[in-house]
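Asks: In the working numbering, the protein residues as written are 21 to 130. Note that the Cβ used here is the ideal one computed from N, Cα and C, for glycine as well.
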Amino acid sequence: MLRIVSERARRRYSQRHVDARVAQVDAIRLRCADTLESAREAAHAALDGARDHLWLPPELLARVGAVHRANVDLAQALHDDLQRLARDFGALPVDTQAQGPVPEPVAWEA
Numbered sequence: 021m022l023r024i025v026s027e028r029a030r031r032r033y034s035q036r037h038v039d040a041r042v043a044q045v046d047a048i049r050l051r052c053a054d055t056l057e058s059a060r061e062a063a064h065a066a067l068d069g070a071r072d073h074l075w076l077p078p079e080l081l082a083r084v085g086a087v088h089r090a091n092v093d094l095a096q097a098l099h100d101d102l103q104r105l106a107r108d109f110g111a112l113p114v115d116t117q118a119q120g121p122v123p124e125p126v127a128w129e130a
């Protein structure tokens with residue numbers, strides 16, 4: 021009985037609202053994808069350049085690689101989080117009768 025009541029009480033959103041939020045998250049995710057690609061390119065360039073210097077100690081080369089791997093891993097994790105967020109927004113319960121206005125984008129700083 022409690023489940024039935026809580027399901028009825030669960031907030032529902034207009035399809036416009038859900039679509040607007042998914043689109044906003046997707047726009048940020050695309051920017052993140054560009055950042056991820058830049059991080060990968062920077063990692064390849066740095067490691068290729070460092071390998072050209074045979075005199076570099078292996079420990080330094082490993083540190084350079086670790087820093088760039090951490091940057092790529094962070095960008096990948098953010099990208100994955102944004103994909104999940106867009107999917108979760110898309111799964112919000114929809115009220116098919118609601119025809120409210122498209123919500124204003126959530127403000128965020130770059």
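#1: Give a single yes or no on whether Val92 has its beta carbon closer than 7 Å to a heavy atom of the ligand PLP.
#2: How many whole angstroms separate the CB atoms of Asn91 and Ala65, which I take to be in contact at a CB cut-off of 8 Å?
#3: Is there contact between the segment 64–81 and the segment 39–48, where contact requires at least three CB pairs shorter than 8 Å?
#4: Can you tell me whether Ala62 is buried or exposed, with buried defined as 16 or more other CB within 10 angstroms of its CB?
#5: Starting from Gln103 and walking both ways along the alpha helix (DSSP H), at which residues does that stretch end?
#6: Looking at the unbroken alpha helix (DSSP H) that takes in Gln44, where does it start and where does it end?
#7: When burial is assigned at 16 or more other CB atoms within 10 Å of the CB, is His73 buried or exposed?
Replies: Short version:
#1: This structure does not include the ligand PLP; it has no bound ligands of any sort.
#2: That pair is no contact at about 12 Å.
#3: No: fewer than three Cβ pairs fall under 8 Å.
#4: Taking every protein chain shown into account, the CB of Ala62 has fewer than 16 other CB atoms within 10 angstroms, so this residue is exposed.
#5: Looking at the DSSP string, the run of the alpha helix (DSSP H) that includes Gln103 is 78–110.
#6: Its alpha helix (DSSP H) spans residues 35–71.
#7: So His73 counts as exposed.
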